[in-house]
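As numbered in full-length UniProt numbering, residues 1 to 250 make up the sequence shown, in order. All C-beta atoms in this analysis are idealised placements derived from N, C-alpha and C, irrespective of residue type, glycine included. Following: one structure in structure tokens, then a few remarks.
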Amino acid sequence: MQTMSLNQTPESAPVFQLKGSMLAITVLELARNDLESLDRQLAAKVAQAPNFFSNTPLVLALDKLPADEGAIDLPGLMRVCRHHGLRTLAIRASRIEDIAAAIAIDLPVLPPSGARERPLEPEPEVKKPEPVPAPPAEPEIRPTRIITTPVRGGQQIYAQGGDLVVTASVSPGAELLADGNIHVYGAMRGRALAGIKGNTKARIFCQQMTAELVSIAGQYRVCEDLRRDPLWGAGVQVSLSGDVLNITRL
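Following this line, the structure appears as structure tokens:
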């Protein structure tokens with residue numbers, strides 16, 4: 001039987017909890033209002049890397065469209081993207097007509113971004129001939145990615161399938177991502193996201209933790225919260241227990 005404290009009533013007992021998570025979302029930045037060309041070009045990209053376009057969360061960036069480009073068919077644009085495996089979560093817009101079109105279909109609107117974004121090119125998937133049966137091989141281990149120079153604001157470094165080691169400082173506005181662990185042997189003043197594909201065993205190691213954000217498997221803590229931790233500025237390791245980030249001294 002569920003129990004409640006003496007000070008709680010059935011009406012006041014909490015029935016939900018708000019939590020934050022950090023997810024990697026692809027941005028499709030539209031340069032022209034030409035849905036036919038977009039459909040053809042997306043089809044070519046899908047042919048190169050079909051797995052990349054499988055239910056991929058998407059933000060439609062319309063803030064780079066020229067002011068005189070004309071009103072865009074937002075539902076039609078979303079249908080083109082959905083046809084190629086891209087699921088629209090929100091738009092980023094500055095033109096009044098684009099914002100109004102999104103509001104009309106109850107689609108969230110994000111403000112134009114001032115952050116520096118890098119082009120994302122899906123790697124072509126090369127079809128290989130059927131392999132000849134062979135004894136089971138040892139699992140592939142991806143090498144650790146090692147960065148020996150300072151990471152500047154606006155840079156994003158990703159260690160796919162393994163750990164990321166940075167032997168220099170990480171500036172505010174820089175972003176480190178890894179499928180495995182992250183090690184920073186310098187001042188960590190940017191953002192560090194480990195286990196971004198759901199690895200809850202991943203950890204973050206910082207020689208000097210003054211980060212803007214730390215995250216493991218989508219659970220995160222931001223600078224305002226981290227500053228209140230007694231280990232702010234010290235050498236720490238960050239681990240995940242359940243859905244709680246633990247910060248302990250190295």
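- Distance from the CA atom of residue 97 to the CA atom of residue 71, rounded to whole angstroms, is 6 Å.
- Between residue 171 and residue 190 a beta carbon distance of about 6 Å is seen, short of the 8 Å cut, so the two are scored as contacting.
- Residue 54 counts as exposed, since fewer than 16 other beta carbons sit within 10 angstroms of its beta carbon.
- Look at the beta carbons and you see the stretch 99-111 not touching the stretch 34-54: under three pairs across the two are nearer than 8 Å.
- Taking residue 159 as the centre and dropping the five residues before and after it, the same chain places the C-beta of 145 and 178 closer than 6 Å to its C-beta, in chain order.
- Taking the Cβ atoms as the reference, residue 173 lies roughly 19 Å from residue 207, outside the contact range of under 8 Å.
- Taking 8 Å as the upper bound for CB-CB distance, residue 107 and residue 93 are not in contact here, some 10 Å apart.
- Beta-bridge analysis with DSSP links residue 78 to no other residue.
- Taking C-beta separations shorter than 6 Å and ignoring five residues to either side along the sequence, the partners of residue 167 in its chain run 148 and 185, following chain order.
- Closest in C-alpha terms to residue 240, from the list 217, 25 and 233, comes 217.
- The closest CA to that of residue 250, considering only 73, 222 and 204, is found on 204.
- For residue 46, the enclosing alpha helix (DSSP H) has its first and last residue at 35-48.
- Excluding the 5 residues flanking it on each side, residue 58 has same chain C-beta neighbours closer than 8 Å at 25, 26, 27, 28, 81, 86, 87, 88 and 89, in chain order.
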